[in-house]
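Asks:
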């Protein structure tokens with residue numbers, strides 16, 4: 160997991176070819192101008208899902224994880240909280256698409272908005288979309304970055 164500000168995004172170039180593609184795109188396109196839905200960057204290697212999300216409390220919500228894709232998350236409007244843990248839990252439901260859930264509790268938390276991003280790598284348990292400082296909805300972009308096999 161990496162949490163930082165967008166002004167420092169170039170620090171993470173060179174970690175992975177597809178991450179470099181995502182960084183280059185974010186440096187040359189204003190996230191606020193992204194339309195709702197999917198924006199193609201590099202086919203199934205890098206794409207962006209932009210959405211209006213209703214935020215929820217941390218209680219009763221299970222962390223998610225992915226096997227193929229990293230998630231680079233940033234808020235375009237509003238501010239959401241997120242949780243992260245390295246403590247594996249019991250699997251909740253079926254793993255479908257590229258998303259599974261476990262019953263682990265968050266041990267690290269943070270806040271998006273105001274130029275911050277968080278990058279969750281495959282298999283890292285994370286809880287996006289948490290209510291933060293009374294904000295109950297955000298417009299956000301989730302950059303899906305396929306990690307090399």
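In our numbering, the protein residues as written are 160 to 308.
We put the CB at the ideal spot given by N, CA and C, even for glycine.
Please read these numbers as outputs of a predicted model, since none were measured by experiment.
Quick one: Cα of residue 318 to Cα of residue 223, how far?
Replies: Residue 318 falls outside the range modelled here, since the chain spans only 160 to 308, and no answer is possible.
Asks: Roughly how many angstroms separate the alpha carbons of residue 174 and residue 213, rounded to a whole number?
Replies: In the chain shown, counting from the first residue as 1, residue 174 sits at position 15. In the chain shown, counting from the first residue as 1, residue 213 sits at position 54. Rounded to the nearest angstrom, the two C-alpha atoms are 32 Å apart.
Asks: So the alpha helix (DSSP H) residue 286 belongs to, where does it begin and stop?
Replies: By one-based count along the chain shown, residue 286 stands at place 127. Taken as a continuous stretch (DSSP letters only), residue 286 belongs to no alpha helix (DSSP H), being part of the beta strand (DSSP E) at 284 to 289.
Asks: Roughly how far, in whole angstroms, is the beta-carbon of residue 232 from the beta-carbon of residue 299, given that I think they are within contact range, below 8 Å?
Replies: Indexing the chain shown from 1 puts residue 232 at position 73. Indexing the chain shown from 1 puts residue 299 at position 140. Residue 232 to residue 299, Cβ: 6 Å. Contact.
Asks: Any idea which residues DSSP pairs residue 275 with across the strands?
Replies: Counting from 1 along the chain shown, the entry for residue 275 is found at position 116. Its beta-bridge partners are 164 and 272.
Asks: Tell me whether the segment 187 to 197 and the segment 231 to 247 touch, counting them as touching only if at least three CB pairs, one residue from each stretch, are closer than 8 Å.
Replies: Result yes; three or more Cβ-Cβ pairs closer than 8 Å.
Asks: Would you list the residues sitting across from residue 231 in a DSSP beta bridge?
Replies: In the chain shown, counting from the first residue as 1, residue 231 sits at position 72. Answer is 278 and 302, bridged to residue 231.
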